[in-house]
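I have placed the structure first, in the form of structure tokens, so that the comments after it can refer back to it.
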Amino acid sequence: MKKLFLILFAIILASAATKPVAAQVVDGPYQKKITRDRKPAPLPAVRESDVFWSKTIWRIIDLREKMNQDLYYPTREMHGRLSLINLLLKGIKEGQITAYDASTDNEFKLPMTFDQVKEAFGAVPKVVERRNFETGEMENVKVDQDINPEDIKQVMVKEVWYFDKQTSTLQVRIIGLCPIQEFFRDDDVNHDRPLRRKVFWVYYPEVRPLLAKYEVLNPNNDSRSLSFDDVFLLRKFDSYITKESNIYNNRAISQYATGQYATNESRRIKNEIFNFEQDLWEY
């Protein structure tokens, strides 16, 4: 009996030795660990008594612009990198961050589940007619729809500009991000009339730890790339203002101006914020 056990043990060892062992694949000369262990840079504390002027601004980042394409690509995961929208969806699906309803207001009141996010994308199950190959009869079948992250063409940013009298500087804090989906109606066969809708809001201070762990591509140096959090903190994106806080229920510029007038109004708000700090000084 003991000899039989030894023979079986030897056979198991021999078979294990003949199996190929998969090598640990490192896509490069070293394994990247610094980025995934990175934490968001701490921001200075702000006291309410030190802020004597502030203005809430909403702006649009168009991901189709050349300067902003590092937030749009890659459309699928490559070398551990994700696009901004894919990263946000990953965080929502895994429960790392919370999505908030964007259909009613911009105040982060109503949390959303991942299924509700899919519904906001329009990725709801559809009933299609298919033939049953067993019976040969046509029947209605429910088909699940997937989210298409490439439909996100813009990102709305809610931020607060404020003057800190303790440091005598004009500062800005991002409050939230809202992906905007571009879609077409079913009857718009030629896709001539694109429509847009806000999908969900995320609270930026909650999202920062996730954004700090993922890099955007540096086209000049792969080993020195900024994180998504760095891109937003350093303002390395192009955008235009669409709304400022006002007494008219925070109405958007598009509600009272169009075309070149809307562009001029956006620039007026931008210059007003810039000139506020400059006008405090005497030269």
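Residue numbering for the sequence shown is -23 to -1, 1 to 260, as defined by mature numbering (1 follows the signal peptide of the UniProt record, and there is no 0).
Glycine included, each C-beta is placed from N, C-alpha and C at the ideal position.
Mark residue i as exposed unless 16 or more other C-beta atoms lie within 10 angstroms of its C-beta, in which case mark it buried.
{"i": "N195", "result": "exposed"}
{"i": "E221", "result": "buried"}
{"i": "N45", "result": "buried"}
{"i": "S202", "result": "buried"}
{"i": "I34", "result": "buried"}
{"i": "R245", "result": "exposed"}
{"i": "residue 262", "result": "Since the first and last residues shown for the chain are -23 and 260, residue 262 lies out of range."}
{"i": "I82", "result": "Before going on, a small fix: residue 82 reads as Asp here, not Ile. Exposed."}
{"i": "residue 272", "result": "What the structure shows of the chain is the stretch from -23 to 260, and residue 272 is not part of that stretch, so it cannot be assessed."}
{"i": "D47", "result": "buried"}
{"i": "D22", "result": "As written in the sequence, residue 22 is Ala, which differs from the Asp given in the question. With fewer than 16 other Cβ atoms within 10 Å, it is exposed."}
{"i": "M89", "result": "buried"}
Are the CB atoms of residue j and residue i within a distance shorter than 8 angstroms?
{"i": "Q158", "j": "V176", "result": "yes"}
{"i": "A100", "j": "D123", "result": "yes"}
{"i": "K154", "j": "V193", "result": "It is Leu, not Lys, that sits at residue 154 in the sequence shown. The answer is no: Cβ separation not under 8 angstroms."}
{"i": "A229", "j": "T219", "result": "yes"}
{"i": "I74", "j": "V2", "result": "no"}
{"i": "S60", "j": "Y49", "result": "yes"}
{"i": "F160", "j": "L172", "result": "yes"}
{"i": "L40", "j": "K130", "result": "yes"}
Contact check, residue i vs residue j under 8 angstroms by CB: the rounded distance?
{"i": "C38", "j": "S216", "result": "A quick correction: the sequence has Ile, not Cys, at residue 38. Rounded, the Cβ-Cβ distance is 5 angstroms, consistent with contact."}
{"i": "N63", "j": "P126", "result": "5 angstroms"}
{"i": "D142", "j": "F253", "result": "Reading off the sequence, residue 142 comes out as Lys, not Asp. So it is not a contact: roughly 13 angstroms between Cβ atoms."}
{"i": "R58", "j": "V134", "result": "The Cβ separation is near 22 angstroms, so there is no contact."}
{"i": "I224", "j": "Y181", "result": "Contact flag wrong, Cβ pair sits at about 26 angstroms."}
Do we get a CB-CB distance below 8 angstroms when we pair residue i with the residues of chain B?
{"i": "V94", "result": "No chain B appears in the structure shown, which is made up of a single protein chain."}
Next on the checklist: Count Cβ pairs between the region 63 to 75 and the region 137 to 145 that sit closer than 8 angstroms; are there 3 or more?
Outcome noted: no
Item to check | Any beta strand (DSSP E) of 3 or more consecutive residues that is wholly inside the region 207 to 238 | outcome: 217 to 221
Checklist entry - Three or more C-beta pairs closer than 8 angstroms, one from the region 171 to 191 and one from the region 11 to 28: is that the case here? => result yes
Checklist entry - Does the count of Cβ pairs from the region 165 to 172 and the region 207 to 215 closer than 8 angstroms reach three? => result no
Item to check | Any beta strand (DSSP E) of 3 or more consecutive residues that is wholly inside the region 124 to 194 | outcome: 129 to 141, 146 to 160, 172 to 175, 177 to 180
Checklist entry - Which whole runs of the beta strand (DSSP E) in the region 6 to 48 are 3 residues long or more, in chain order? => result 28 to 39
Next on the checklist: Extract the residue ranges of the alpha helix (DSSP H) inside the region 48 to 92, only unbroken runs of 4 or more that lie entirely within it.
Outcome noted: 61 to 70
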